[in-house]
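Report on the following structure.
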Amino acid sequence: MNSDAPLLNIESTQKKVPVTVYAEATPNPSVMKFVANKKLVVNSTEFKSIADTADNTLARQLYNFPFVKEIYADENYVSIQKHDIASWDEVTFEIRSFIKEAIENGAEIGSSKHEAGTVKKEGENIELPKFENLDDVSKKVVEILDEYIKPAVASDGGNIVFDSYDENTKEVKVILQGACSGCPSSTMTLKSGIETMLRDMLPGKVDRVMAING
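Numbering (our numbering), first residue to last: 29 to 242.
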């Protein structure tokens, strides 16, 4: 698929710094995680389409590959979700090499164009609740997700974001990002992992966990 490779056109006066990038499979067969030996972003960021990217960024360059569907970046890795027009066996080396060269030449992932404090769902921005405005149970849910759940899903190239808690139905809603979004095993993870943990740690407060974009 070399003929479809984008041209690396990123201006930089910086001296090339050697970078290592390796590919890591995720539980989601459509997503591959590319891990670098340096921090790539300060805050996690998600690109649902090329419209979310800024000019002359690594995220924009990656969308020049026709098989790239969505991009999620956090810490030192980039998770790429692909369309079914190519297999990972065909494109992994090409993507890994491209990311490595781009980073060595000073390219940055860039920030998503959708507003800070929001996530994308079906093409629209969803505003995330601010921690200080949450009720006590919701705050505890967020703390549990941050301490116990996020590190585990991050290792698989994904993320989980708190959306809401309903005191009457005792239901927690979350938003899945990166490799978690659309993953065949995400429902099992929600039920056997996250839901069970929240029910055990917040007895009588949480009965069910649902992903609004699973």
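Note that beta-carbon positions come from the ideal geometry of N, C-alpha and C, so glycine has one too.
Since we're looking at a predicted model, the values are computed, not measured.
Separation of residue j from residue i, as counted between CA atoms
i, j, result
"I26", "T197", "Only positions 29 to 242 of the chain appear in this structure, which leaves residue 26 out of reach."
"E103", "I137", "11 Å"
"V49", "S209", "23 Å"
"G145", "V189", "Note that G145 scores a pLDDT of 49, beneath 50, so its modelled location is shaky; the value from the coordinates is reported in the next line. Taking the straight line joining both Cα atoms gives about 11 Å."
"E122", "D194", "46 Å"
"A180", "D191", "19 Å"
"V169", "V234", "9 Å"
"I127", "T120", "11 Å"
"N37", "N84", "Low confidence applies to N37: its pLDDT is 48, below 50, so where it sits in the model is not reliable, and the reading given next is rough at best. Computed Cα separation, rounded: 8 Å."
"E171", "I108", "27 Å"
"A130", "V59", "20 Å"
"F95", "P57", "14 Å"
"Y100", "N133", "21 Å"
"V200", "E175", "17 Å"
"V106", "D163", "33 Å"
"L173", "P157", "15 Å"
"K110", "K97", "5 Å"
"M229", "V202", "17 Å"
"S183", "L204", "14 Å"
Exposure label - residue i; buried when at least 16 CB within 10 Å
i, result
"L226", "buried"
"K67", "exposed"
"E160", "exposed"
"G186", "buried"
"V237", "buried"
N- and C-terminal bounds of the alpha helix (DSSP H) containing residue i
i, result
"K168", "D164 to I172"
"L86", "L86 to L90"
"A180", "K178 to S183"
"D112", "Segment: none, D112 is in no alpha helix (DSSP H) and carries neither H nor E."
DSSP beta-bridge partners of residue i
i, result
"Y100", "E74 and S107"
Rounded Cβ spacing between residue i and residue j (contact assumed at less than 8 Å)
i, j, result
"A64", "V45", "Not really, about 11 Å apart at Cβ, beyond 8 Å."
"L86", "A51", "Between A51 and L86 the Cβ distance is about 16 Å, and since that is not below 8 Å, they are no contact."
"A207", "T54", "4 Å"
Endpoints, the beta strand (DSSP E) within which residue i is located
i, result
"D194", "G186 to D194"
"K203", "Correcting the residue identity first, residue 203 is Ile in this sequence and not Lys. Where I203 is concerned, the enclosing beta strand (DSSP E) stretches over E199 to G206."
"E52", "V49 to A53"
"A239", "R236 to A239"
"F62", "V59 to A64"
Distance cut-off 7 Å: residue i Cβ against heavy atoms of the ligand GTP
i, result
"L156", "As presented, the structure is devoid of all ligands, the ligand GTP included, so that no description of it is given."
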